Amino acid sequence: MTNAVTGAETSNVQIVSEDDVVRVQDLKLNFYTALGVVRALNGVSFNIPRGKVLGVVGESGCGKSQTGLSIMQLTTGRIEGGSILFREFNTGEAIDITRLEKNGPEMRHIRGNNISMIFQEPMTSLNPCYTVGNQIEEAILLHQTQDKAEARKRAVDILQKVGMPNPERIADSYPHQLSGGMRQRAMIAMALSCTPTLLIADEPTTALDVTTEAQILDLMRDLQNEIGTSIMFITHNMGVVAQMCDEVAVMYLGRIIERATIDDIFYDPKHPYTISLLRSIPRLGVARGEKLESIKGTVPDPYSTVTGCPFHPRCPAAIPGLCDAVMPDETFVAGSRTHTVRCHLYT
Amino acid sequence: METARKNGKSDDILLEVKGLKKHFPIQSGFLRRVTGYVKAVDGIDFYIKKGETLGLVGESGCGKSTTGRTILRLLDPTAGEIVFDDPNIGKVDLAKLKRSQLKQVRPNMQIIFQDPFSSLNPRLTVGQIVGEPLAIQGVASGQALKDRVAELLQEVGIRPENMTRYPHAFSGGQRQRIGIARALALNPKLIVCDEPVSALDVSIQAQVLNLLEDLQSKYDLTYLFVAHDLSVVEHISDRVAVMYVGYIVEMADTDSLYYHPKHPYTEALLAAIPKPDPRRRTRPVKLPGDVPSPANPPSGCYFHPRCRYAKDICKAERPPLRDIGNEHWVACHFAEELQLQGVTRLSEIPVIELPRRQAPAPAPTAATPA
Ligand SMILES: Nc1ncnc2c1ncn2[C@@H]1O[C@H](COP(=O)(O)OP(=O)(O)OP(=O)(O)O)[C@@H](O)[C@H]1O
Ligand SMILES: Nc1ncnc2c1ncn2[C@@H]1O[C@H](COP(=O)(O)OP(=O)(O)O)[C@@H](O)[C@H]1O
Ligand code: SF4
Ligand code: SF4
Ligand SMILES: [Mg+2]
Ligand SMILES: [Mg+2]
């Protein structure tokens, strides 16, 4: 298969689409620490078409945030392989983000105009010294309009859109004067103020109550429908995934181990890790008073290396002699061009 | 709350809370004058029966943790009674006990905290952390203490060899287990679990929930289980209480509360749960406005500015929490009339069997070994 964006050859298992906004190929990211090397991403590939929501799920430490941060070039690790092709839809131009200088003008332009990120921890992206309104206005003044009154108006508008009850007052508040949920919404407002082509949302609702969460999800759906924003939605809440995403990538130890449409992930999952994950969530009205299923053991620590399939120490279906020795390749599930899995059971 | 005694036999009740209030003063200005109060807990009534799990849910800031801490007297109540049936000395009102008298009751009431990363003292070894309550109460020392700690660690699934290691060497789930071992040390009757699994990944969350359930049946424990994940609460609780701005608005057995809610706020909360089924996408009706500040709550029913069923009386009168039958407690003027929507059971989503490739498995494969 030839890459529509660059004309380069891509692996024949990777799912690609004509209207991909971002295409990550074989991304490798390492951290060099005093305790050793952390191989955070070991060849991650995925695409997100225009206007689609890709859910990225997996246990903490599997590399979800680092994947998002790599696209933004905000990771503190070293990208040592692969590419991140980003296509700005209005211009049709494709750029390999990994080739851009981290803090150069092009990357800054992309961060301000094309790709936005909502961070796991709201205080990391809100400046405590400025009012929420000022921070949003500044972003708008920098990238969209020079007119201060217009910027103010847009800032208040967007705060209204994220469901702030009294947007004028909130605009004049400092971050510490807001509740956790309001701060998260302020940050989302900031991320949305540039009407991004791609929105990377890293656990945007994990710290929120269900009622606020429902409101934020609604907002993101509107954005997707009205502007055609593509969303990379990082979460470990399978309920949120089911409600929000078009497609899902399941990660384990720095690799995508299954990739499928939302319906296939829930109704026809293949990888033992995906299946176990789904079996371990409590479901309303099901099996109360019975044991929940759990995955034995824990994710190995990041400094260790596991031979063979990285899931084999915890996998109830592991094949002795094979799974502990040979890393399975990513393959298409028989009869499908939209469902890939990385497991010996399907090769 | 006489009805609690009318319905259940009063000896079934381990803890009964009546009119409990906890107000935090708001101080301002140079002289730190008190200019108002945050009414974190504002006159709540509930009871927990022996051996059961009472779930406590509600939005952030509604007073769940403050409730948990106040009944353990980690915070001093502003008003109200906390009647605990102590196995040794019988019923006592903890709210009236002096700090020195509390020492006698303390071993029977413990707490597990939300954040497994900050709730364990990083300078103590795991052995010291788990053994501390035993040492403080003078229950055991020397080899006996060590043995008891080893036993407790074993009980929660941590190898006793790990006794000499420090908390940072453990994962979130393991730290939560250590916190549980510590809470178990003195053979408590009641454990307040304040968001014990909120910070954990789903698969680890399941391990810890299973552990809590095992320990409950083995040691006849009673739990007050505080959480904001409504699916987790549904799974683990016998009864559930819903809090809104420092006030309990509904309390009932789990089935009634989830499938036949009687309070409009409960209905709204349940509607907002994201269901793990892509074939059933819902866009819940938005609750207008925000949770009011507990420093400045609205008049009448605190929920009235957001309630779509509100009438004039709701603005003027605060509805008391009352039993509308079968121990279903509701604080709404219209509890009997309203037809509210509960959740739907999610039994239709297939639970996929794990694939097997080896020779026919010897044992049934339905359950994943934990
Ligand atoms: N020491 C304190 N001083 C002043 N106000 C406090 C104090 N502790 C708690 N509060 C306030 O009391 C209210 C209830 O707090 P609490 O911690 O009990 O909420 P919660 O229901 O446990 O919330 P969460 O779900 O976020 O843990 C909040 O408005 C909080 O800001
Ligand atoms: N600053 C860092 N130094 C060393 N390792 C790091 C650093 N940041 C992240 N990592 C490692 O990278 C891996 C992926 O982390 P992350 O993307 O944050 O996971 P997730 O978001 O899926 O929980 C983990 O093993 C983590 O320990
Ligand atoms: S490759 Fe083997 S160990 Fe890995 S998930 Fe598949 S069956 Fe399990
Ligand atoms: S008392 Fe009135 S405002 Fe309060 S929940 Fe009932 S109907 Fe709504
Ligand atoms: Mg993360
Ligand atoms: Mg709390």
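Chains A and B are the protein sequences, given in the same order. Numbering follows this note's numbering, with no gaps: position 139 of the first sequence is 232. Numbering follows this note's numbering, with no gaps: position 70 of the second sequence is 1053. Built from N, CA and C at the ideal position, the CB exists for glycine as well. Note that the structure is predicted; figures quoted are calculated from it, not measured.
Query: D250/A Cβ short of 7 angstroms to ligand 5 heavy atom set; Result: no
Query: Cut-off 7 angstroms between Cβ atoms - residues of its own chain near I412/A, not counting five sequence neighbours on either side; Result: H437
Query: At least 3 beta-carbon pairs within less than 8 angstroms: the region 1072-1092 of chain B vs the region 1042-1049 of chain B; Result: no
Query: Close-in-space but distant-in-sequence residues of the same chain around K1001/B (CB under 7 angstroms, 5 per side omitted); Result: M984, D1028, G1063 and E1064
Query: Cβ separation of A1210/B and A307/A, assumed to be a contact under 8 angstroms, to the nearest whole Å; Result: 18 angstroms between Cβ atoms; not a contact.
Query: Closer than 8 angstroms to chain A by CB, K1005/B; Result: no
Query: Contact test: P413/A Cβ vs ligand 3 heavy atom, cutoff 7 angstroms; Result: no
Query: Cutoff 8 angstroms: D311/A Cβ touching any chain B Cβ; Result: yes
Query: Contact under 8 angstroms by Cβ, M165/A with A284/A; Result: no
Query: CB-CB length for L1304/B against W1312/B, believed under 8 angstroms; Result: 5 angstroms
Query: Inter-residue Cα distance where the pair is V1132/B and C408/A; Result: 31 angstroms
Query: Beta-carbon contacts of R430/A that lie in its chain and below 8 angstroms, excluding the five residues immediately before and after; Result: I108
Query: Cβ-based contacts, 7 angstroms cut-off: residues of the region 346-368 of chain A near chain B; Result: I355, D356, F359, Y360, P362, P365 and I368
Query: Alpha-carbon to alpha-carbon, R143/A and E111/A; Result: 9 angstroms
Query: P395/A - DSSP class collapsed to helix/strand/coil; Result: coil
Query: Amino acids of chain A, ordered along the chain, whose beta-carbon sits closer than 7 angstroms to that of L1264/B; Result: The displayed chain sequence assigns Arg, not Leu, to residue 1264/B. Residues of chain A passing the Cβ test: Q336.
Query: Element boundaries [beta strand (DSSP E), containing G174/A]; Result: R171 to R180
Query: Interface residues of chain B facing E152/A [CB-CB closer than 9 angstroms]; Result: D1184, V1185, S1186 and I1187
Query: Nearest-residue set for ligand 5, Cβ under 7 angstroms from any heavy atom; Result: S153/A, K157/A, S158/A, Q213/A, D295/A, E296/A and I327/A
Query: Rounded straight-line distance, which links the Cα of Q1199/B to that of I1054/B; Result: 20 angstroms
Query: Reference I1031/B; option with closest CA among L1014/B, F1067/B and Y1020/B; Result: F1067/B
Query: Check: C402/A C-beta below 7 angstroms from any heavy atom of ligand 4; Result: no
Query: Check: E1042/B C-beta below 7 angstroms from any heavy atom of ligand 6; Result: no
Query: Assigned secondary structure, F1208/B (DSSP; H/G/I helix, E/B strand, else coil); Result: strand
Query: Minimum C-alpha distance to G414/A - residue among E386/A, G401/A, L346/A and L291/A; Result: G401/A
Query: P1179/B versus P1143/B, L1194/B, N1170/B and P1171/B, residue with shortest Cα-Cα distance; Result: L1194/B
Query: Chain-ordered neighbours of E1144/B on chain A, where CB pairs are closer than 9 angstroms; Result: The premise fails here: E1144/B is roughly 17 angstroms from chain A at the closest Cβ pair, so nothing lies under 9 angstroms.
Query: Three-state class that DSSP yields for L1173/B in the structure shown; Result: strand
Query: Distance CB(I141/A)-CB(S163/A) smaller than 8 angstroms; Result: no
Query: Spatial neighbours of V249/A in its chain, beta-carbon cut-off 8 angstroms, leaving aside the 5 residues before and after; Result: G226, P260, E261 and A264
Query: Classification of Q118/A by the beta-carbon crowding that lies within 10 angstroms, buried from 16 upward; Result: buried
Query: Element boundaries [beta strand (DSSP E), containing L316/A]; Result: Unbroken run through L316/A is the alpha helix (DSSP H), V303 to I320; no beta strand (DSSP E).
Query: Identity of the residues DSSP links to K1074/B by a beta bridge; Result: D1068/B
Query: Straight-line gap, V255/A to K1269/B (C-alpha atoms, nearest Å); Result: 12 angstroms
Query: 8 angstroms Cβ cutoff met for A187/A and K1258/B; Result: no
Query: Coil, strand or helix - A294/A by DSSP; Result: strand
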